[in-house]
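A.B. asks: I'd like to ask some things about the structure below.
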Amino acid sequence: EDLPPFGYRVYKLTPGPEEQGEGLAVDDKTIENEFYKVRAQDDGSLIIEDKGTGEIYRNFNHFEDSGDAGDEYNYSPPEEQEVFTSKGIKADIRLIEDGPDRAIIRVDQTLKLPKSLTKDRRGRGKERVDERIVSFVTLQKGVRRIDIRTIVGNEAKDHRLRAVFPTGIKTKESIAESAFSVIHRPTETPEGEGWIEKPSPTHPQTRFVIVEDGEKGIAILNKGLPEYEVTEDGKIYLTLLRCVGWLYRDDLQTREAHVAGPSYETLGAQCIGKHEFEYSNLPYCRTWEEAQIWKQAIDFNTPLIGSRI
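Numbering (UniProt numbering), first residue to last: 1 to 309.
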């Protein structure tokens, strides 16, 4: 039951029968609850069946990595861009938990990424490093979410790593939570001349971003991941890492020179090391208001705290 506002509930635990019932796993790569059926493909991406709408979503939670010649203010692609993806790269997939209330699939794969940009920063270098990405995909009984915890061992510099969700929902706008409202933004990037800072297809968010068509929708909830992009064909890109080495540079393709800040090297902004991210997929019927996406985002970001008394 829902807790009362600023309230609590007390439960008493008593011994029960040893029989726990069937688990949520269908097989080693497939789990399901009342709302969704989720299968991990050989390359680690997910096929999700929404039992409420009958819709099937494919290649969810694959990863895309592109070069980043920008600074801490703005993303800027190198002149000779090179994009890498996890699609088609074999993953190690294991069912690590299967119970009547929760099941977890572990997906482990490694991308071979350029170590850094070239010296002239025009493109990505030839030397490669291993970028290990491990995702834990969780379904819980009675919970209308597909939770994902992704751990990245980052060894590359000058790049942007994003999780991708190709919803297939044609859309002219994205819907995202901001500090004081839920904002509808056009997916088409404005064009024009004389921009000091060119319009960007990426946008800020707080706890969720949505695409929908009035009959169905997809919400991607997050914990502390403030950047997204939505395309007209319904792809949602969730930025996990932007790794750069400068506070400010005056040679970006996306911004005029001498308009941001001091030109300092910031080696720590290359984000070398282990990083952990939490986000969640939520397919739903009709509209985001009817599906109470804001409540789902609150539940995801502020889970209940249990205490023994």
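Ideal placement from N, C-alpha and C gives every residue a C-beta, glycine not left out.
Starting from the Cα of K126, find the closest Cα among L13, Y284, Q81, R162 and give me that residue.
C.D. replies: Here residue 126 refers to the residue found at position 126 of the sequence shown. That would be Q81, whose Cα lies nearest to the Cα of K126.
A.B. asks: Could you tell me whether the Cβ atoms of F277 and T150 are closer together than 7 Å?
C.D. replies: Against the sequence shown, residue 277 aligns to sequence position 277. Against the sequence shown, residue 150 aligns to sequence position 150. Yes; because the gap between Cβ atoms is below 7 Å, this pair is in contact.
A.B. asks: Report the three-state DSSP secondary structure of F300 (helix, strand or coil).
C.D. replies: Here residue 300 corresponds to residue number 300 of the sequence shown, with the count starting at 1. In this structure, F300 counts as helix in the three-state DSSP scheme.
A.B. asks: Is residue 357 helix, strand or coil when you go by DSSP?
C.D. replies: A question about residue 357 goes unanswered here, because the residues of the chain that appear run from 1 up to 309.
A.B. asks: How would you write the range of the beta strand (DSSP E) that V143 sits in, first residue to last?
C.D. replies: Residue 143 sits at position 143 when you count from the first residue of the sequence shown. Segment: none, V143 is in no beta strand (DSSP E) and carries neither H nor E.
A.B. asks: Alpha carbons only, please: which of I89, K90, D108 is nearest the one belonging to I96?
C.D. replies: Looking up residue 96 in the sequence shown gives position 96. Ranking the options by Cα distance to I96, first place goes to D108.
A.B. asks: With C-beta atoms as the reference, is residue 314 less than 7 Å away from I183?
C.D. replies: Residue numbering for the chain in the displayed model covers 1 to 309; residue 314 lies beyond these limits and cannot be assessed.
A.B. asks: For the stretch 9-16 and the stretch 236-248, state whether three or more C-beta atom pairs, one from each stretch, are separated by less than 8 Å.
C.D. replies: The stretch 9-16 is not in contact with the stretch 236-248.
A.B. asks: Quick one, are the C-beta atoms of K160 and S174 less than 7 Å apart?
C.D. replies: In the sequence shown, counting from the first residue as 1, residue 160 sits at position 160. In the sequence shown, counting from the first residue as 1, residue 174 sits at position 174. For the record, residue 160 in the displayed sequence is Arg; it is not Lys. Result no, Cβ atoms of R160 and S174 do not sit closer than 7 Å.
A.B. asks: If you compare alpha carbons, which of L113, F136, L117 is closest to I105?
C.D. replies: As a first step, residue 105 is located in the sequence shown; it is residue number 105 there, counting from the start. Checking every option, the nearest Cα to that of I105 belongs to F136.
A.B. asks: Using 8 Å for Cβ pairs, my map puts S116 next to K51. What's the rounded Cβ distance?
C.D. replies: Mapped onto the sequence shown, residue 116 falls at position 116. Mapped onto the sequence shown, residue 51 falls at position 51. Contact doesn't hold; Cβ gap of about 45 Å is too wide.
A.B. asks: Can you give, in chain order, each stretch of the beta strand (DSSP E) that sits fully within the stretch 84-155 and has at least 3 residues?
C.D. replies: Listed in chain order, they are 92-98, 102-114, 128-140, 146-154.
A.B. asks: My guess is that Y36 and P190 are in contact by the Cβ rule of under 8 Å, so how many angstroms apart are they, rounded?
C.D. replies: Counted from its first residue, the sequence shown places residue 36 at position 36. Counted from its first residue, the sequence shown places residue 190 at position 190. Between P190 and Y36 the Cβ distance is about 37 Å, and since that is not below 8 Å, they are no contact.
A.B. asks: Any chance the stretch 197-213 sits against the stretch 262-277, with 3 or more Cβ pairs inside 8 Å?
C.D. replies: No, because fewer than three Cβ pairs between the stretch 197-213 and the stretch 262-277 fall closer than 8 Å, the two stretches do not touch.
A.B. asks: Between the alpha carbons of K87 and T302, how many angstroms are there, rounded?
C.D. replies: Mapped onto the sequence shown, residue 87 falls at position 87. Mapped onto the sequence shown, residue 302 falls at position 302. Spanning the two alpha carbons is a distance of roughly 32 Å.
A.B. asks: Using DSSP bridges, identify the partner residues of P204.
C.D. replies: Locating residue 204 in the sequence shown gives position 204, where the first residue counts as 1. E227.
A.B. asks: Exposed or buried, what is R249 when buried is set at 16 or more other beta-carbons lying within 10 Å of its beta-carbon?
C.D. replies: As a position in the sequence shown, residue 249 is number 249, starting the count at 1. Buried.
A.B. asks: In whole angstroms, what is the alpha-carbon distance linking D65 and P5?
C.D. replies: Stepping through the sequence shown from its first residue, residue 65 is reached at position 65. Stepping through the sequence shown from its first residue, residue 5 is reached at position 5. Cα-Cα distance, rounded: 42 Å.
A.B. asks: Would you kindly work out how many angstroms separate the C-alpha atoms of F144 and S76, rounded to a whole number?
C.D. replies: As a first step, residue 144 must be located in the sequence shown, where it is residue number 144. As a first step, residue 76 must be located in the sequence shown, where it is residue number 76. The question names Phe, yet the displayed sequence has Arg at residue 144. About 37 Å.
A.B. asks: I148 and Y57: beta carbons closer than 7 Å?
C.D. replies: Counting from one through the sequence shown, the residue named residue 148 turns up at place 148. Counting from one through the sequence shown, the residue named residue 57 turns up at place 57. No. Outside cutoff.
A.B. asks: Using a Cβ-Cβ cut-off of 8 Å (strictly less than) and excluding sequence neighbours within five positions of D71, which residues of its own chain qualify?
C.D. replies: For the purposes of this step, residue 71 is taken as the residue at position 71 of the sequence shown. Taken in chain order, the residues that qualify are V244, W246, L247, Y248, R249, L252, A260.
A.B. asks: So what's I293 in DSSP terms, helix, strand or just coil?
C.D. replies: Taking the first residue of the sequence shown as position 1, residue 293 is located at position 293. In this structure, I293 counts as helix in the three-state DSSP scheme.
A.B. asks: Have a look at T231, E131, H275, E177 and flag the residue whose alpha-carbon is nearest the alpha-carbon of residue 322.
C.D. replies: Outside the displayed range of the chain (1 to 309) lies residue 322, so it cannot be described from this structure.
A.B. asks: Report the option in L225, Y8, G217, I196 whose CA atom is closest to the CA atom of T171.
C.D. replies: Walking along the sequence shown from the start, residue 171 turns up at place 171. Among L225, Y8, G217, I196, the Cα nearest to that of T171 belongs to G217.
A.B. asks: Which residue's Cα is closest to the Cα of P201: E215, P226, T231?
C.D. replies: Sequence index remark: in the sequence shown, residue 201 carries index 201 (1-based). Checked all of E215, P226, T231; the closest Cα to P201 is T231.
A.B. asks: Comparing alpha-carbon positions, which option in L111, F165, T53, I47 lies nearest G234?
C.D. replies: Taking the first residue of the sequence shown as 1, we reach residue 234 at position 234. When only C-alpha atoms are compared, the closest one is F165.
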